[in-house]
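Student: Protein chains in written order, with the UniProt record's numbering: chain R, 1 to 660; chain P, 1 to 762.
For glycine and all other residues, C-beta sits at the position ideal for the given N, C-alpha and C.
Below you'll find the structure I mean.
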């Protein structure tokens, strides 16, 4: 069993598992941190950004100044942002049979896999994952495509320039891949899982999973669309634990992860030192502080996920903080769909939220915020928003990288006043790097990363409870974060030590398969005559043909022996059939030595001696110069060429044993 | 005659207790003895061993009955003859904890009673000559101490602890000398049985004035116990030893080392230099790290918290160890807080392990902050004090600090600021503290906006404390006025949480007293109707649905009146009249009581007689008020102060009535020498007022008094039996409960509702 690690990002994994003849991809994350090296794409022409000086080498050589711009000591590429794709050369992606998506964050690279590699398998994801993943992709495409760049820079990536270290920016991605993601590329290949019951996936064309995998979704564990996949093959093979936890979602059913042979741990919290509850409090305090002083608050965020938690907190907080009159704006091309979708996935939510649906009330309180006009949402800052807009206000908008989306405009608009505050809640991007092209900046910056993924304390509890034989994780988790090298609690500590992987690495998983599950055809099973040898244990002899295909093993009734009716054709058929000899009966039971000796005496043997040995007994027939060695698992009759005697003795032995 | 088998267990239990109470008098006892009632109830013929005995209420009644009864020699005789002592022994192991505990107490009582001896004089100091009953009990204790079962040993130890705690006669020393070898023998066992009870006993013996500790080998036993007990068990013993007045220095040193042990472990784990004055010096530290590996989180946290709490208790005592290792303890507290907050950087594995154990541990954080606050009374090296402020700021800033931890951090910060070195002749904060304040105020601003009400509340309390102490100092004023804090505090007057509103009222009152309430400077406020704080507070007083903010407003107003606050001084009469009118209608008794306090202040100011705040102070001879008395009393009548005071005199809440009583008594004392007022006892006004007051006393308070003239007021005040009323009010509410009349009523009520109120076990 091999694991091909196509991504080095711990929370945006893309691993391929090859076992027997099946190839499965686990998640398909797209690393977007590379976009931080690019200049923001402003919705409205920004004189400041367009007038940034070009970057030139120390010797004054300015051949890159068209492509690279300098802002407050940082260099940025002036081009369409590019992303860091999973490795495509490590394994032939056309051989991937199945892609399993655990959450919407981990599916953004799907189009690159399904469109450019000859992939012909199936993608599985739960319904909320599919729906919200679609929103995320649509938003991303919209953000980038509505600000077309006249030029796309490529010179800076030139190998020679890179080799000579002339360019400050290292392209960690292999080729230019602008984000022309179209949902329709992927849509038809995704099968939505209902989640509540175990299910056997439909065999994908060209691949047959057979009995190897039995998929089970442990009820929603986390942020609406972050799901857990656990595989139960014939025996427990491998567990793939959840990406995230959040208070509003159902707790994970850990029992199903128990006794896994291998546990692959990815997607743990990116900010292990920040406790989400404390950060939410920090978020609210800073928001209130700014607004009370007449400033505006900008919250760069994704259109789904943490924003629901934030809105829920604010719902409880705004009245108490006297913020009832402050407008909240949510601006995203998919804002409306996101808010509405979140209300219809009640089956995935925690008990409290589910019960609300039966009242009937919307599970999330943002519906009420919308009804009371406290929260307003707009597809973009053009149109209705510009007429409704009043300050001070709070704006939630994307993209958290601050490189594209409506957030770029607000950064330009509000950045100059120290009354305003930008509060970073998404942990995916370094806020300092995100802010770099906006420097110098007067507005206050608050970093409140809210990461509800599993933290290390939860992981260590999980490991204690689940006790997997082996743990596999990204190498980042096997040592404390570089900034907190003394924090030994911020790493995975387990025995045996976790196997770590990095990008483009192939791991041989220490998985030994000792048993196979074999099915018996009903007609063959009917013909069996089991015999109980111990209470609860029965044996039966089986004569059958083992049929193995697509990792499924089936015992079928043997073909009937051909009737010897003569004729050339039939003769050949008879030859083809395996030679089914009459089988010797199998023996079981043990020989009580005393009774055996009595029987021997009855049958005329005399001068019998019994010796005890370590393994059993030796019965000596001194007169006949014969020796009967009785052991637990064998009985030998040793006599000198007296076949008659041997057969007689054998029959006497057999009397004590059962045959079947 | 009683037939116990027919009675319900509750009635039987009651009968047993009642009989005991009656038999406490020796003549009554004799009378009951003649009627054979006592053996029937307390002897083997009684409920003992019968079906009713299974009820814990009956067993408890039996013991309590005997406890009341055992007051005289006849009772002792009875106890010895009816075999009750053996039953009490067995009841020590009763399944009901109350019964078992009462049985132990009863044994102590009987032992004490029997050792009082016959009327002839004290018993012999030879144990062999002691009364039979005492010998029996001591024999039982000895047997229990030799037992292997821990519960039995615990019972014996508890009986002894109570004995030595309550009885300090010379015979107790004989008892200790006789039993101490057996007690010391317990230390040889592994594990030591009933360690907590053993500690209690040893401390009880050590504190007993009846024993001469040095002569009976107690110090040796204590030293031996300290070294045998586990660190967790030894902590309370060590603290107890250090609190003793006369104790050998070596033992004190040993006890102090036990208390310091866990902190020394922390030092060791952090591989720090123990420091010059060396709490955790090499030998102590070495032995403890070997002995206490701080294994599990629960054990480690428990040990540290206990150690910190013990040291904190020791800190203010005059008999605390000297020299006190202030600097190392300060270092240890700071290190612990850094470990819990994740900012410590341990160098060795042990430290990393400790870091993992303590990270985010709220219990240790709370204990360490309390301890750190307590340490502020002492000094410390400059760099350590800097570290203290740094770690406090870290906690105040951290989003992960829980509300309770934050509150403690605020308290510790205030104490440290209070004790920070001052420039001679200047009460302002020192430059370091002012620098700290610059970092602190933004944190306070943010905390005032916290979604968690506890955080907002403790921030406001902190602000109030700060303002009270440094509100007049230029450095503080400048920093505070430059921040958003006053504005945010004003907004919190409308907080949805009543506790926060109350704290905001107090804070605003304080800020306003110090002239730190700045009107909003925004353009939208200019020229508009700027609501004054006084109006805002009056609004809260009359409309707030919760009591806490209203109480806070009353306190602020009282303080303002005392301090002649600018808003009040303009038209004091109108202010007092308005406040009293609202306060007198309030449903909350504390608001009404506070209203009377405000009235008293106004009275004092009007009569020009500052009241001494110390009730025992010698009052200077009363001087007649300036000007005619009637004129002086006019303003009081105008603000309807007396209407309120008379009404409060019959308030259903005792403290309000008491306060009103005090106020009127004060008035009477002030006016006693004055002869300028005409005697108007017989005027019709007085009669009508007295009639109205009588109706009020009867509960009908509907009728108003109308406008009162000063003469009428004085006449009424002089005619009222205020001293008698004050005496009645001063009795605790218990005195009614405990009166014989109440007992009778209870008995009647119990009989009356017996059938319907089964659950109410008497």
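Checking the sheet assignment: what are the DSSP bridge partners for residue 421(R)?
Tutor: Counting from one through the first chain, the residue named residue 421(R) turns up at place 421. 297(R), 444(R), per the DSSP bridge assignment.
Student: Please name the residue, chosen from 82(P), 670(P), 695(P), that lies closest to residue 629(P) on a Cα-to-Cα basis.
Tutor: Residue mapping note: residue 629(P) aligns to position 629 of the second chain, counting from 1. The shortest C-alpha separation from residue 629(P) is found at 670(P).
Student: Is the Cβ of residue 19(R) closer than 8 Å to any Cβ of chain P?
Tutor: Residue 19(R) sits at position 19 when you count from the first residue of the first chain. No, residue 19(R) lies away from the interface with chain P (no Cβ there is under 8 Å from its Cβ).
Student: In the DSSP output, what is residue 554(R) paired with across the bridge?
Tutor: Locating residue 554(R) in the first chain gives position 554, where the first residue counts as 1. Partner(s): 519(R), 547(R).
Student: Ordered along the chain, which non-local residues of its own chain (more than five positions away) have a Cβ less than 7 Å from that of residue 562(P)?
Tutor: To locate residue 562(P), count along the second chain from 1; it is residue 562. So the qualifying residues of the chain are 601.
Student: Give the C-beta separation of residue 63(P) and residue 103(P) to the nearest angstrom, bearing in mind that I take them to be a contact with Cβ-Cβ under 8 Å.
Tutor: Translated into the one-based positions of the second chain, residue 63(P) becomes position 63. Translated into the one-based positions of the second chain, residue 103(P) becomes position 103. That pair is a contact at about 6 Å.
Student: Using C-beta distances below 8 Å, list every residue in its chain close to residue 601(R), excluding the 5 sequence neighbours before and after it, in chain order.
Tutor: Counting from 1 along the first chain, the entry for residue 601(R) is found at position 601. Same-chain partners within the cutoff: 608.
Student: I need the boundaries of the beta strand (DSSP E) containing residue 326(R), first residue and last residue.
Tutor: Numbered from its first residue, the first chain carries residue 326(R) at position 326. Element bounds for residue 326(R): n/a, residue is neither H nor E.
Student: Residues in the same chain with beta-carbon distance under 8 Å from residue 452(P), minus the five sequence neighbours each way, listed in chain order, please.
Tutor: Your numbering for residue 452(P) matches position 452 in the second chain. Excluding positions up to five away in sequence, the list reads 403.
Student: Taking all protein chains shown into account, decide if residue 502(P) is buried (16 or more other Cβ within 10 angstroms of its Cβ) or exposed.
Tutor: Position 502 of the second chain, counting from 1, holds the residue named residue 502(P). Its Cβ being crowded by 16 or more others within 10 Å, residue 502(P) is buried.
Student: In chain P, which residues lie with their C-beta within 7 Å of the C-beta of residue 282(R)?
Tutor: On the first chain, residue 282(R) is found 282 positions in, with the first residue counted as 1. Chain P residues near residue 282(R): 399.
Student: For residue 692(P), which of helix, strand or coil comes out of DSSP?
Tutor: Your numbering for residue 692(P) matches position 692 in the second chain. Residue 692(P): helix per DSSP, three-state reduction.
Student: Which value, in whole angstroms, describes the spacing of the CA atoms of residue 330(R) and residue 408(R)?
Tutor: Here residue 330(R) refers to the residue found at position 330 of the first chain. Here residue 408(R) refers to the residue found at position 408 of the first chain. Between residue 330(R) and residue 408(R), the C-alpha separation is close to 15 Å.
Student: Could you have a look at residue 612(R) and say whether DSSP puts it in helix, strand or coil?
Tutor: The residue given as residue 612(R) occupies position 612 in the first chain. DSSP places residue 612(R) in strand when its eight states are reduced to three.
Student: For residue 501(R), which of helix, strand or coil comes out of DSSP?
Tutor: The sequence position of residue 501(R) within the first chain is 501, counting from 1. Note: residue 501(R) maps to strand in three-state DSSP.
Student: May I have the straight-line CA-CA distance separating residue 558(P) from residue 475(P), to the nearest angstrom?
Tutor: Within the second chain, residue 558(P) is the residue found at index 558, counting from 1. Within the second chain, residue 475(P) is the residue found at index 475, counting from 1. So the two alpha carbons sit approximately 28 Å from each other.
Student: Give the interface partners of residue 543(P) over in chain R, defined as CB-CB distance under 8 Å, in chain order.
Tutor: Numbered from its first residue, the second chain carries residue 543(P) at position 543. By Cβ distance, chain R contributes nothing, its closest Cβ being about 17 Å from residue 543(P), past 8 Å.
Student: Which whole-angstrom value is the C-beta distance of residue 603(P) and residue 636(P), which I expect to be below 8 Å?
Tutor: Here residue 603(P) corresponds to residue number 603 of the second chain, with the count starting at 1. Here residue 636(P) corresponds to residue number 636 of the second chain, with the count starting at 1. So it is a contact: roughly 6 Å between Cβ atoms.
Student: Go ahead and pull the three-state DSSP assignment for residue 90(R).
Tutor: Stepping through the first chain from its first residue, residue 90(R) is reached at position 90. Residue 90(R): coil per DSSP, three-state reduction.
Student: When DSSP builds the beta bridges, which residues end up paired with residue 659(R)?
Tutor: Counting from one through the first chain, the residue named residue 659(R) turns up at place 659. Note: residue 659(R) sits in a beta bridge opposite 587(R).
Student: Quick one, which of 475(R), 373(R), 410(R), 402(R) has its alpha-carbon nearest residue 382(R)'s?
Tutor: Within the first chain, residue 382(R) is the residue found at index 382, counting from 1. When only C-alpha atoms are compared, the closest one is 410(R).
Student: Based on the DSSP output, what are the partners of residue 31(R) in its beta bridges?
Tutor: Along the first chain, read from residue 1 onward, the residue named residue 31(R) stands at position 31. Paired residues: 84(R).
Student: Check the Cβ-Cβ distances between residue 289(R) and every residue of chain P, and say whether any is below 8 Å.
Tutor: Residue 289(R) sits at position 289 when you count from the first residue of the first chain. Output row for residue 289(R): interface = yes.
Student: Is the CB of residue 321(R) under 8 Å away from at least one CB in chain P?
Tutor: By 1-based counting over the first chain, the position of residue 321(R) is 321. Judged by the 8 Å Cβ criterion, residue 321(R) is in contact with chain P.
Student: Closer than 7 Å by beta-carbon distance: list the chain P residues that pair up with residue 278(R), in chain order.
Tutor: To locate residue 278(R), count along the first chain from 1; it is residue 278. Simply 399, 400.
Student: Could you say which of 603(R), 1(R), 379(R) lies nearest to residue 142(R) if we only look at CA atoms?
Tutor: Against the first chain, residue 142(R) aligns to sequence position 142. When only C-alpha atoms are compared, the closest one is 379(R).
Student: Identify the continuous alpha helix (DSSP H) that holds residue 495(R) and give its terminal residues.
Tutor: On the first chain, position 495 is the one that residue 495(R) refers to. Where residue 495(R) is concerned, there is no enclosing alpha helix (DSSP H), given that its DSSP letter is neither H nor E.
Student: Rounded C-beta distance between residue 237(P) and residue 244(P)? I'm assuming under 8 Å.
Tutor: Numbered from 1 along the second chain, position 237 holds the residue referred to as residue 237(P). Numbered from 1 along the second chain, position 244 holds the residue referred to as residue 244(P). The Cβ separation is near 11 Å, so there is no contact.
Student: Over what stretch of residues does the beta strand (DSSP E) that includes residue 368(R) continue unbroken?
Tutor: Here residue 368(R) is taken as the residue at index 368 of the first chain, counted from 1. Residue 368(R) -> not in any beta strand (DSSP E); alpha helix (DSSP H) instead, spanning 366–371.
Student: Comparing the C-beta of residue 356(P) with each C-beta of chain R, is any distance below 8 Å?
Tutor: Taking the first residue of the second chain as 1, we reach residue 356(P) at position 356. Taking Cβ atoms only, chain R reaches closer than 8 Å to residue 356(P), which makes this a yes.
Student: Can you have a look at residue 86(R) and say buried or exposed, based on whether 16 or more other CB atoms are within 10 angstroms of its CB?
Tutor: Here residue 86(R) corresponds to residue number 86 of the first chain, with the count starting at 1. Its Cβ being crowded by 16 or more others within 10 Å, residue 86(R) is buried.
Student: Can you tell which of 337(R), 432(R), 646(R) has its C-alpha closest to the C-alpha of residue 627(R)?
Tutor: On the first chain, position 627 is the one that residue 627(R) refers to. Per the Cα distances, 646(R).
Student: Should residue 580(P) and residue 640(P) be called a contact, given that it needs their Cβ atoms to be closer than 8 Å?
Tutor: As a working mapping, residue 580(P) is identified with position 580 in the second chain. As a working mapping, residue 640(P) is identified with position 640 in the second chain. It is a contact, given that the beta carbons lie within the stated cut-off.
Student: Counting only Cβ pairs nearer than 8 Å, list the residues of chain R close to residue 342(P).
Tutor: Locating residue 342(P) in the second chain gives position 342, where the first residue counts as 1. The answer, in chain order, is 273, 484, 487.
Student: Specify the secondary structure class of residue 127(R) as computed by DSSP and reduced to three states.
Tutor: Position 127 of the first chain, counted from the first residue, corresponds to residue 127(R). Reduced to three states, the DSSP call for residue 127(R) is helix.
Student: According to DSSP, is residue 45(R) helix, strand or coil?
Tutor: Counted from its first residue, the first chain places residue 45(R) at position 45. Correct three-state label for residue 45(R): coil.
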